[in-house]
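Trainee: Can you keep this structure in mind? I'll have questions shortly.
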Amino acid sequence: MDLLEYQVKEWFAEIGIPVLPSQRIDHPTDLKRLKIHYPIVLKSQVHAGERAKAGGVRVVETTIDAIAAAQTIFNLPIWGDLPDVLLAESKYDGQEEFYLAVVLDTAVCRPVFLGCKEADIDWESAGERMQHIVVEQEFSPFYARQLALKMGLQGKLMQSVSSVLEKMYQLFVQKDLDLVEINPLAISSSGQVMALNGKVSINERALGRHPKIAEMVAKMTTRHSSSQINRHLRDWDGLNMHGKIGILGNGTGSMMATFDLVVDAGGKPGICLNLRHAFLTDTSPTTFCDRLAKGLNILAADNSVQVILINLLGSIPQAEEVAEVITKFVQQEKSELTSQVVSTNGNGNKSRQQYHLPHLVIRLAGSEFNMAKNFLATLKTQSNALVIVENLDEAVAEAVRFTKPLAAKKR
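For what it's worth, UniProt numbering labels the leading residue of the sequence shown as 1, then goes sequentially.
Next up, the structure:
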């Protein structure tokens with residue numbers, strides 16, 4: 001669950017992170033009582049990214065222009081999400097823009113500092129431009145200064161950025177968060193730093209320790225249920241639907257592509273799980289294969305899921321173990337299916353239709369998966385419910401085919 005920008009800015013101000021003078025706008029007429037000086041920036045308060053490209057961010061210089069712009073933004077859906085609130089903020093001219101974040105690495109259960117001297121960074125090709133420091137022991141300002149140095153900062157600017165990082169970490173710990181992000185942190189010609197935009201991700205497992213945050217989250221989750229679905233689609237930690245095709249993937253891009261292709265092919269997606277991250281119920285470090293095994297069991301336990309579509313793309317450290325996890329799952333499910341049928345056979349009638357092993361359609365793409373493919377090919381000869389392909393379109397087509405009624409298949 002992510003907070004809206006105006007909520008993030010309130011938390012930033014409380015902790016001492018520099019933010020611009022701003023005002024919450026609930027209705028265009030609120031701009032007649034604006035307490036900050038023009039020019040201002042009006043921002044749509046939605047969870048969708050790329051607000052500026054969609055027209056949700058406007059710079060205005062007069063009250064008349066501001067009211068007209070606010071009326072437009074209030075009626076502008078971004079990724080299907082209409083804002084209930086706008087943020088009016090002073091305009092700021094920065095000479096440079098940085099990216100900073102404190103994030104919880106769920107694989108090792110440790111906080112990590114991230115920093116880059118580019119705000120508009122392409123995550124697919126960030127490479128060496130994104131610097132990181134793992135907070136391996138009790139926090140000290142040394143970690144913040146170390147990241148600033150790795151970013152190539154010196155003197156007053158290094159001290160200013162380090163100070164912001166320290167306060168971000170304080171907020172991260174105080175509120176039990178998953179992410180605190182500033183994008184961008186603007187740098188003026190005099191070296192002044194300013195958080196122009198921010199993001200905060202709530203750790204839902206910690207809500208019990210923070211009643212005020214829990215109340216805030218409850219209010220947010222009750223508004224615009226369709227917006228909640230859109231937000232889950234963008235984050236892709238998981239999506240709980242009731243379709244026939246459950247999806248497991250290892251990244252945001254592959255998950256979104258798989259979901260869209262299933263819908264386009266006439267299929268109905270069910271539970272979708274991104275195996276790149278730990279699940280909310282995980283309290284200790286997990287490996288990818290741990291999450292794969294758990295994901296398979298979650299989908300198998302959903303009676304509406306007829307097909308499990310696994311789309312794994314790229315490099316996975318435990319590629320060979322992936323095949324072992326899938327093999328163990330199939331053998332375990334077949335064993336449980338047999339025992340259940342036998343247990344209901346006391347009256348001589350086998351109720352095999354009451355139990356089913358979901359069909360498995362597996363798409364593996366990448367050189368690391370070659371051995372896994374060979375291993376699974378042996379398993380495929382033992383099961384008609386297993387399909388292994390390398391082409392995603394073909395995998396989706398097979399998954400959708402398995403969900404069609406038998407009569408339709410014969411035609």
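Glycine is no exception: its CB is placed at the ideal position from the N, C-alpha and C atoms.
Can you grab the Cα-Cα spacing for the pair S168 / M158, in whole Å?
Mentor: Residue numbering aside, residue 168 sits at position 168 when the sequence shown is read from its first letter. Residue numbering aside, residue 158 sits at position 158 when the sequence shown is read from its first letter. The displayed chain sequence assigns Met, not Ser, to residue 168. So the two alpha carbons sit approximately 15 Å from each other.
Trainee: DSSP beta-bridge partners for H43?
Mentor: Within the sequence shown, the letter at position 43 stands for residue 43. Looking at the sequence shown, residue 43 is not His but Lys. Paired residue(s): V57 and L87.
Trainee: With DSSP as the reference, label S163 as helix, strand or coil.
Mentor: Position 163 of the sequence shown, counted from the start, is the residue given in the question as residue 163. Three-state result, S163: helix.
Trainee: Kindly confirm or deny that the stretch 285–294 and the stretch 254–271 touch, where touching means at least three C-beta pairs closer than 8 Å.
Mentor: No: fewer than three Cβ pairs fall under 8 Å.
Trainee: Kindly confirm or deny that the stretch 144–157 and the stretch 102–116 touch, where touching means at least three C-beta pairs closer than 8 Å.
Mentor: With a cut-off of 8 Å, the stretch 102–116 and the stretch 144–157 count as touching, because enough Cβ pairs lie within range.
Trainee: For the alpha helix (DSSP H) holding P141, just list the boundary residues, first then last.
Mentor: Here the question's residue 141 lines up with position 141 in the sequence shown. Note, P141: alpha helix (DSSP H), P141 to K150.
Trainee: Looking only at DSSP bridge pairs, what is K199 linked to?
Mentor: Position 199 of the sequence shown, counting from 1, holds the residue named residue 199. Paired residue(s): E181.
Trainee: Verify whether the separation of the beta carbon atoms of F98 and L185 is less than 7 Å.
Mentor: On the sequence shown, position 98 is the one that residue 98 refers to. On the sequence shown, position 185 is the one that residue 185 refers to. Taking 7 Å as the Cβ cut-off, F98 and L185 qualify as a contacting pair.
Trainee: Beta strand (DSSP E) containing G249: first to last residue?
Mentor: Within the sequence shown, residue 249 is the residue found at index 249, counting from 1. G249 -> beta strand (DSSP E) spans I245 to G249.
Trainee: By the 10 Å Cβ neighbour count, where 16 or more other Cβ atoms means buried, how is S188 classified, buried or exposed?
Mentor: In the sequence shown, counting from the first residue as 1, residue 188 sits at position 188. Classification for S188: exposed.
Trainee: Measuring CB to CB, does L4 end up less than 7 Å from Q45?
Mentor: Counting from 1 along the sequence shown, the entry for residue 4 is found at position 4. Counting from 1 along the sequence shown, the entry for residue 45 is found at position 45. Yes, the pair counts as a contact, with Cβ atoms nearer than the cut-off.
Trainee: In angstroms with no decimal places, state the Cα-to-Cα distance between G208 and L273.
Mentor: Taking the sequence shown and counting its residues from 1, the one referred to as residue 208 is at position 208. Taking the sequence shown and counting its residues from 1, the one referred to as residue 273 is at position 273. Using only the alpha carbons, I get a separation of about 24 Å.
Trainee: Mind reading off the beta-carbon distance from residue 438 to L104? Whole number of angstroms is fine, and I expect it under 8 Å.
Mentor: Not covered by the structure: residue 438. The range shown for the chain is 1 to 411.
Trainee: In three-state terms, what does DSSP make of M1?
Mentor: Residue 1 sits at position 1 when you count from the first residue of the sequence shown. In this structure, M1 counts as coil in the three-state DSSP scheme.
Trainee: Below 8 Å, can you find three or more Cβ-Cβ pairs linking the stretch 160–167 to the stretch 81–88?
Mentor: These segments do not touch.
Trainee: Report back the beta-carbon spacing between L299 and G366 to the nearest angstrom; my notes put them in contact at under 8 Å.
Mentor: What you label residue 299 is simply residue 299 of the sequence shown in a count that begins at 1. What you label residue 366 is simply residue 366 of the sequence shown in a count that begins at 1. Actually they are not in contact, since the Cβ atoms of L299 and G366 sit about 22 Å apart, beyond 8 Å.
Trainee: I'd like the list of long-range same chain contacts for A399, defined as Cβ closer than 6 Å, with 5 residues on each side in sequence excluded.
Mentor: As a position in the sequence shown, residue 399 is number 399, starting the count at 1. Within the same chain, A399 has close Cβ partners I245, V307, L309 and V361.
Trainee: Please state if the CB of L392 and the CB of R363 are separated by a distance shorter than 7 Å.
Mentor: In the sequence shown, counting from the first residue as 1, residue 363 sits at position 363. In the sequence shown, counting from the first residue as 1, residue 392 sits at position 392. Going by C-beta atoms, R363 is nearer than 7 Å to L392.
Trainee: Can you have a look at C289 and say buried or exposed, based on whether 16 or more other CB atoms are within 10 angstroms of its CB?
Mentor: Within the sequence shown, numbered from 1, the residue matching residue 289 stands at position 289. So C289 ends up on the buried side.
Trainee: Using C-beta distances below 8 Å, list every residue in its chain close to G94, excluding the 5 sequence neighbours before and after it, in chain order.
Mentor: Counted from its first residue, the sequence shown places residue 94 at position 94. Once the five neighbours on either side are set aside, the close Cβ partners of G94 are P184, A186, I187, S188, M194 and L196.
Trainee: Please report the residue range of the beta strand (DSSP E) in which L386 lies.
Mentor: The sequence position of residue 386 within the sequence shown is 386, counting from 1. Note, L386: beta strand (DSSP E), L386 to V389.
Trainee: If I follow the unbroken alpha helix (DSSP H) through V103, where does it start and stop?
Mentor: Position 103 of the sequence shown, counted from the first residue, corresponds to residue 103. It is not in any alpha helix (DSSP H) - V103 instead sits in the beta strand (DSSP E) that spans E96 to D105.
Trainee: Alpha carbon to alpha carbon, how far is G191 from K156?
Mentor: Along the sequence shown, read from residue 1 onward, the residue named residue 191 stands at position 191. Along the sequence shown, read from residue 1 onward, the residue named residue 156 stands at position 156. Those two C-alpha atoms are separated by around 7 Å.
Trainee: In whole angstroms, what is the alpha-carbon distance linking M220 and V8?
Mentor: Translated into the one-based positions of the sequence shown, residue 220 becomes position 220. Translated into the one-based positions of the sequence shown, residue 8 becomes position 8. So the alpha carbons of these two residues sit roughly 14 Å apart.
Trainee: If the criterion is Cβ atoms closer than 7 Å, does the pair F12 and V102 meet it?
Mentor: The residue labelled residue 12 in the question sits at position 12 within the sequence shown. The residue labelled residue 102 in the question sits at position 102 within the sequence shown. Going by C-beta atoms, F12 is not nearer than 7 Å to V102.
Trainee: Please state whether the Cβ-Cβ distance between G270 and G249 is less than 7 Å.
Mentor: Taking the sequence shown and counting its residues from 1, one reaches residue 270 at position 270. Taking the sequence shown and counting its residues from 1, one reaches residue 249 at position 249. No, these two residues do not count as a Cβ contact at 7 Å.
Trainee: Report the residue from D26, V108 and D81 whose alpha carbon sits nearest the alpha carbon of T286.
Mentor: In the sequence shown, counting from the first residue as 1, residue 286 sits at position 286. When only C-alpha atoms are compared, the closest one is V108.
Trainee: If I follow the unbroken alpha helix (DSSP H) through N297, where does it start and stop?
Mentor: Here residue 297 corresponds to residue number 297 of the sequence shown, with the count starting at 1. Its alpha helix (DSSP H) spans residues F288 to A300.
Trainee: State the Cα-Cα distance for the pair V60 and Y38, rounded to the nearest angstrom.
Mentor: The residue you call residue 60 lines up with position 60 of the sequence shown. The residue you call residue 38 lines up with position 38 of the sequence shown. Approximately 7 Å between the Cα atoms of the pair.
Trainee: Around the Cβ of I64, are there at least 16 other Cβ atoms within 10 angstroms (buried) or fewer (exposed)?
Mentor: Counting from 1 along the sequence shown, the entry for residue 64 is found at position 64. Exposed is the call here.
Trainee: In the DSSP assignment, find the beta strand (DSSP E) that holds Q131 and state where it starts and stops.
Mentor: Working through the sequence shown from its first residue, we reach residue 131 at position 131. Q131 to V134 is the extent of the beta strand (DSSP E) around Q131.
Trainee: Taking T403 as the reference, which of S304, G198 and E324 has the closest Cα?
Mentor: The count along the sequence shown starts at 1 and reaches residue 403 at position 403. Minimum Cα distance to T403 is reached at S304.
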